[in-house]
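Note that the working numbering has the sequence shown beginning at 2, numbered continuously upward. From the three backbone atoms N, C-alpha and C, an ideal C-beta is built for every residue, glycine too. In this text, all values refer to a predicted model and were calculated from it rather than measured experimentally.
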Amino acid sequence: MVGPECRLLSISAVASKSYLELGPFRRTNLIGCCLGMAKCLRRANHIELALAWCEEINSLHRVGYWQVYLRRFFPLCQFVHPDWRDWMLDIPELSFLVSSGFASHPRSLHLWTTRARQRCDAGMQPPPPSTWPVISGSPIRRLMCKLLESRHPDPRTANVAVSVPALQVRGSWTRLNVKPGVQSGPGSYYRDLWTLDLVKLNEWRRLPDYPIPFGKSGIFLGWNFVVHTDIALLFVRRPSIDFFDLKAETWGCFETTYAPTPEDLAAGVIGGWPYPGMSCMDATMQIVNNTLYVFGGSHSKTRLGCNLFMALDLSTRRWRRLSGTVHVTEDGDYSCPGPRKSAASWVSPDRARIYVLFGNCDRDAAHFHNERHASDTAFAHTDFWSWNVKHEIWRQERMAGNPPCARTEMGYAYNEKLQQAVVFGGYAYLVMNGREGQFPYTYFADTFVCDMAPTSDANGIEPKWRQVVTPGIPTYRCQAHMQCDPAKHRTEVILTRTKLGSRSFSDLWEVPGGHFEVDAADSRVARAGPWQRCFTCAAAGPWKKCGRSGVVKGVPFSVAWACLRQGWKEHKQLHKCCKP
2 MVGPECRLLS
12 ISAVASKSYL
22 ELGPFRRTNL
32 IGCCLGMAKC
42 LRRANHIELA
52 LAWCEEINSL
62 HRVGYWQVYL
72 RRFFPLCQFV
82 HPDWRDWMLD
92 IPELSFLVSS
102 GFASHPRSLH
112 LWTTRARQRC
122 DAGMQPPPPS
132 TWPVISGSPI
142 RRLMCKLLES
152 RHPDPRTANV
162 AVSVPALQVR
172 GSWTRLNVKP
182 GVQSGPGSYY
192 RDLWTLDLVK
202 LNEWRRLPDY
212 PIPFGKSGIF
222 LGWNFVVHTD
232 IALLFVRRPS
242 IDFFDLKAET
252 WGCFETTYAP
262 TPEDLAAGVI
272 GGWPYPGMSC
282 MDATMQIVNN
292 TLYVFGGSHS
302 KTRLGCNLFM
312 ALDLSTRRWR
322 RLSGTVHVTE
332 DGDYSCPGPR
342 KSAASWVSPD
352 RARIYVLFGN
362 CDRDAAHFHN
372 ERHASDTAFA
382 HTDFWSWNVK
392 HEIWRQERMA
402 GNPPCARTEM
412 GYAYNEKLQQ
422 AVVFGGYAYL
432 VMNGREGQFP
442 YTYFADTFVC
452 DMAPTSDANG
462 IEPKWRQVVT
472 PGIPTYRCQA
482 HMQCDPAKHR
492 TEVILTRTKL
502 GSRSFSDLWE
512 VPGGHFEVDA
522 ADSRVARAGP
532 WQRCFTCAAA
542 GPWKKCGRSG
552 VVKGVPFSVA
562 WACLRQGWKE
572 HKQLHKCCKP
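The structure is reproduced here in structure tokens:
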């Protein structure tokens with residue numbers, strides 16, 4: 002297996018040719034070798050490499066389903082493989098090794114990370130009867146149950162130092178105090194547009210409202226701008242592209258054309274336009290080489306989401322379909338991302354690839370409309386894909402390093418100066434908790450960075466993920482909008498809601514200086530949404546503060562006298578408090 006043509010831990014794609022040629026029993030033997038390498042590296046305290054070998058087990062495990070798809074051993078009964086992969090013909094040795102590899106992932110890390118939790122979720126699924134007695138009595142399973150009780154991030158990690166720099170980075174979110182604008186009306190849907198000067202931070206200023214009436218645009222949610230030169234494009238799934246001139250501060254539009262090919266008609270295009278009902282929401286968009294790319298989203302004929310991938314040449318203003326289908330098909334297509342909405346995306350530094358991360362299959366919404374593949378629960382994708390702009394082909398990427406667990410409606414942005422993608426927050430519809438079964442609507446407030454810079458290590462895997470360890474964070478929520486200031490290279494995030502029909506937020510946060518390696522002393526007294534964090538234990542709430550508020554800048558708050566006594570010496574040293 003190892004040689005000039007195949008080097009383990011340096012293969013970018015998940016399904017390599019060498020892996021696809023392996024039979025199930027040879028693949029089982031190779032998984033056993035990977036598990037042994039992970040255990041040896043863990044004992045030698047090489048945490049990053051140990052996790053990489055655990056991920057190699059996951060790649061080999063997934064290759065088995067690629068073999069099913071490519072060779073068509075039996076018809077696929079679902080479009081997402083997690084629905085049926087656990088019901089395939091069992092090889093006891095393979096099932097035991099895979100479960101052991103997933104269990105070794107959090108054991109190797111010994112950190113409260115969401116990727117370790119994702120491996121726990123896989124390891125906690127009921128294994129085949131042949132391996133259940135061995136796994137159920139394992140001490141690793143008890144560790145997994147304990148880990149599943151954590152939140153994202155867990156308050157217990159507030160004072161955790163960076164122990165593995167290759168997998169973690171110290172960071173800090175700072176809340177910006179901005180004068181609020183005027184309410185646009187009673188709601189519940191708005192079409193107003195606002196701007197904020199990030200240098201002055203004086204107040205929000207209202208711009209001209211979106212001019213297209215509701216009768217033509219419909220009631221919308223989940224639309225996004227994408228900036229190109231001096232205009233912000235707004236594609237609302239009509240042949241007309243609306244745009245806002247950032248200099249003149251005026252609205253405009255231009256017409257586009259689309260001529261479906263026979264392949265497009267076979268993919269479900271009807272009536273000369275790929276989006277039924279002239280509407281689509283929750284898609285992700287990027288601009289590369291004067292071309293607008295649009296992926297996924299939901300339209301009037303599928304609430305579940307689609308995997309339609311379209312491209313608009315902005316010079317000729319002509320559309321063409323690159324991959325995917327208009328409607329969800331009965332069988333899955335594993336050569337491209339599956340149907341989804343609210344996925345994250347960004348462009349590589351060399352502008353050669355478009356990355357698509359996670360997303361949500363809204364199967365519960367499809368259940369109310371009697372659509373195909375409906376279910377009582379939604380499904381959060383766990384995959385990571387990239388589109389080759391030149392060769393126009395999809396490739397499933399590996400989640401190397403310490404990446405986030407499956408989620409949707411997260412905030413994301415790409416920082417060109419750092420050559421890093423930043424992902425914040427989001428939610429998952431169902432997350433296991435180890436004791437009571439599952440949590441519905443689990444919200445996140447964790448932050449991750451994906452290093453997109455080319456590596457000098459020939460054996461290194463790119464891109465690589467790291468989790469940002471920060472004591473001061475915004476509250477747990479989804480649908481945050483994140484942007485990177487191209488002039489100052491600062492990353493800003495606007496927080497929105499915790500749950501539809503619940504509470505909406507309008508606070509603004511940033512990463513100071515555009516980087517994550519910062520002094521976190523002041524972050525320990527940062528506000529967490531409407532609450533204050535305890536200087537000692539980082540719990541959020543209406544806590545009491547130090548009485549010398551007129552002397553100390555960034556006065557620490559404490560939950561109780563126990564926390565006050567514990568952090569008193571550190572508080573006096575850091576903040577020069579003169580209270581006796």
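- request: Given a cut-off of 8 Å, decide if Ala429 and Ala381 are closer than it, judged by their beta-carbon atoms.
  value: Numbered from its first residue, the sequence shown carries residue 381 at position 380. Numbered from its first residue, the sequence shown carries residue 429 at position 428. Taking 8 Å as the Cβ cut-off, Ala381 and Ala429 qualify as a contacting pair.
query: Going by Cα to Cα distance, which pick from Val357, Thr378 and Pro350 is closest to Asp363?
result: Position 362 of the sequence shown holds residue 363. The shortest C-alpha to C-alpha distance from Asp363 to any of Val357, Thr378 and Pro350 is the one to Thr378.
- request: Return yes when the Cβ of Val357 is within less than 8 Å of the Cβ of Tyr583, no when it is not.
  value: Here the chain comprises residues numbered 2 to 581, so residue 583 is not present and cannot be evaluated.
- prompt: So what does His229 bridge to, in DSSP terms?
  reply: Here residue 229 corresponds to residue number 228 of the sequence shown, with the count starting at 1. In DSSP, His229 forms a bridge with Ile232.
- prompt: Is it buried or exposed for Leu31, if we count other Cβ within 10 angstroms and need 16 for buried?
  reply: Numbered from its first residue, the sequence shown carries residue 31 at position 30. Leu31 is classed as buried because its beta carbon has at least 16 other beta carbons within 10 Å across all chains shown.
task: Alpha carbon to alpha carbon, how far is Ala401 from Leu21? Give it in angstroms, no decimals.
output: Translated into positions along the sequence shown, residue 21 becomes position 20. Translated into positions along the sequence shown, residue 401 becomes position 400. Distance between the alpha carbons of Leu21 and Ala401: 20 Å.
query: Does the separation of the CB atoms of Cys350 and Ala422 fall below 8 Å?
result: In the sequence shown, the residue the question calls residue 350 occupies position 349. In the sequence shown, the residue the question calls residue 422 occupies position 421. Checking the displayed sequence, the identity of residue 350 turns out to be Pro instead of Cys. Pairing Pro350 with Ala422 gives a Cβ-Cβ distance that is not under 8 Å.
task: Kindly indicate which residue of Pro404, Met282 and Cys485 has the alpha-carbon position closest to the one of Asp447.
output: Locating residue 447 in the sequence shown gives position 446, counting from the first residue. Between Asp447 and the set Pro404, Met282 and Cys485, the nearest pair of CA atoms involves Pro404.
message: Tell me whether the region 256 to 273 and the region 195 to 212 touch, counting them as touching only if at least three CB pairs, one residue from each stretch, are closer than 8 Å.
response: The region 256 to 273 makes no contact with the region 195 to 212; the number of CB pairs closer than 8 Å stays below 3.
query: How is Thr29 classed by DSSP in three states: helix, strand or coil?
result: Working through the sequence shown from its first residue, we reach residue 29 at position 28. It is helical.
query: Helix, strand or coil for Asp447 per DSSP?
result: As a position in the sequence shown, residue 447 is number 446, starting the count at 1. Strand.
message: Give me the residue from Phe449, Ala375 and Ile288 with the minimum Cα distance to Ala167.
response: By one-based count along the sequence shown, residue 167 stands at place 166. Selected option, being the one with the closest Cα: Phe449.
task: Please list, in chain order, all residues of the same chain as Lys302 whose beta carbon is under 8 Å from its beta carbon, the five residues on each side excluded.
output: For the purposes of this step, residue 302 is identified with residue 301 of the sequence shown, where counting begins at 1. Here the set comprises Pro277, Gly278, Val327 and His328.
message: Quick check: Cys35 and Glu57, are their CB atoms within less than 8 Å of each other?
response: Taking the first residue of the sequence shown as position 1, residue 35 is located at position 34. Taking the first residue of the sequence shown as position 1, residue 57 is located at position 56. Yes, Cβ-Cβ distance for Cys35 and Glu57 is below 8 Å.
Val295 classed as buried or exposed, judged by whether at least 16 other C-beta atoms fall within 10 angstroms: Here residue 295 refers to the residue found at position 294 of the sequence shown. It counts as buried.
message: Between which residues of its own chain and Phe425 is the CB-CB distance below 7 Å, once the five residues before and five after are set aside?
response: Sequence index remark: in the sequence shown, residue 425 carries index 424 (1-based). Taken in chain order, the residues that qualify are Met411, Gly412, Thr448, Ala481, Met483 and Val494.
query: So, Ser336 versus Trp386, is the Cβ gap smaller than 8 Å?
result: Reading the sequence shown from its first residue, position 335 is the one you call residue 336. Reading the sequence shown from its first residue, position 385 is the one you call residue 386. Contact: no.
message: Quick check: Gly172 and Val469, are their CB atoms within less than 8 Å of each other?
response: Here residue 172 refers to the residue found at position 171 when the sequence shown is read from its first residue. Here residue 469 refers to the residue found at position 468 when the sequence shown is read from its first residue. Yes; because the gap between Cβ atoms is below 8 Å, this pair is in contact.
query: Are Val227 and Leu293 touching if we call contact CB-CB under 8 Å?
result: Here residue 227 refers to the residue found at position 226 of the sequence shown. Here residue 293 refers to the residue found at position 292 of the sequence shown. Against a cut-off of 8 Å, the Cβ pair of Leu293 and Val227 comes out as a contact.
query: Mind checking Asp231: buried by the 16 CB within 10 Å criterion, or exposed?
result: Working through the sequence shown from its first residue, we reach residue 231 at position 230. Asp231 is exposed by the Cβ-count criterion.
- prompt: Per DSSP, Met282 forms a beta bridge with which residues?
  reply: Here residue 282 refers to the residue found at position 281 when the sequence shown is read from its first residue. The beta-bridge partner set that DSSP reports for Met282 consists of Ser299.
field: Check whether Val237 and Trp224 have beta carbons under 8 Å apart
entry: Start at 1 with the first residue of the sequence shown, and residue 237 comes out as number 236. Start at 1 with the first residue of the sequence shown, and residue 224 comes out as number 223. At the C-beta level, Val237 and Trp224 come within 8 Å of one another.
field: Straight-line gap, Gly37 to Tyr442 (C-alpha atoms, nearest Å)
entry: Here residue 37 corresponds to residue number 36 of the sequence shown, with the count starting at 1. Here residue 442 corresponds to residue number 441 of the sequence shown, with the count starting at 1. Each residue's alpha carbon lies about 37 Å from the other.
- prompt: Using a Cβ-Cβ cut-off of 7 Å (strictly less than) and excluding sequence neighbours within five positions of Trp1, which residues of its own chain qualify?
  reply: Residue 1 falls outside the range modelled here, since the chain spans only 2 to 581, and no answer is possible.
- prompt: In terms of DSSP beta bridges, what is Cys41 paired with?
  reply: Within the sequence shown, the letter at position 40 stands for residue 41. Residue pairing of Cys41 in beta bridges, as defined by DSSP: absent, with no partner found.
message: Is the beta carbon of Thr257 closer than 8 Å to that of Ser346?
response: Indexing the sequence shown from 1 puts residue 346 at position 345. Indexing the sequence shown from 1 puts residue 257 at position 256. In this structure, the beta-carbon distance from Ser346 to Thr257 does not fall below 8 Å.
query: With which residues is Ala345 paired in a DSSP beta bridge?
result: For the purposes of this step, residue 345 is identified with residue 344 of the sequence shown, where counting begins at 1. BP columns for Ala345 point to Leu358.
message: DSSP three-state label for Tyr415, please.
response: Locating residue 415 in the sequence shown gives position 414, where the first residue counts as 1. DSSP places Tyr415 in the strand class (E or B) of the three-state scheme.
query: Taking Cβ positions, are Lys342 and Asn361 nearer each other than 8 Å?
result: What you label residue 342 is simply residue 341 of the sequence shown in a count that begins at 1. What you label residue 361 is simply residue 360 of the sequence shown in a count that begins at 1. Yes; because the gap between Cβ atoms is below 8 Å, this pair is in contact.
message: On the DSSP bridge list, what partners appear for Thr409?
response: Counted from its first residue, the sequence shown places residue 409 at position 408. Per DSSP, Tyr428.
query: Out of Ala45, Gly306 and Pro263, which has the shortest C-alpha to C-alpha gap to Thr330?
result: What you label residue 330 is simply residue 329 of the sequence shown in a count that begins at 1. Closest option to Thr330, Cα to Cα, is Gly306.
- request: Assign Arg108 to buried or exposed, taking buried as 16 or more other Cβ atoms, counted over all protein chains shown, within 10 Å of its Cβ.
  value: Here residue 108 corresponds to residue number 107 of the sequence shown, with the count starting at 1. Legend: pLDDT at Arg108 = 44, less than 50; position of this residue unreliable, no value from coordinates given.
task: Compute the distance between the beta-carbons of Phe244 and Arg318, then report whether it is under 8 Å.
output: By one-based count along the sequence shown, residue 244 stands at place 243. By one-based count along the sequence shown, residue 318 stands at place 317. No, they are not a contact pair.
Limits of the alpha helix (DSSP H) - the one that Gly216 falls within: Taking the first residue of the sequence shown as 1, we reach residue 216 at position 215. Phe215 to Ser218 is the extent of the alpha helix (DSSP H) around Gly216.
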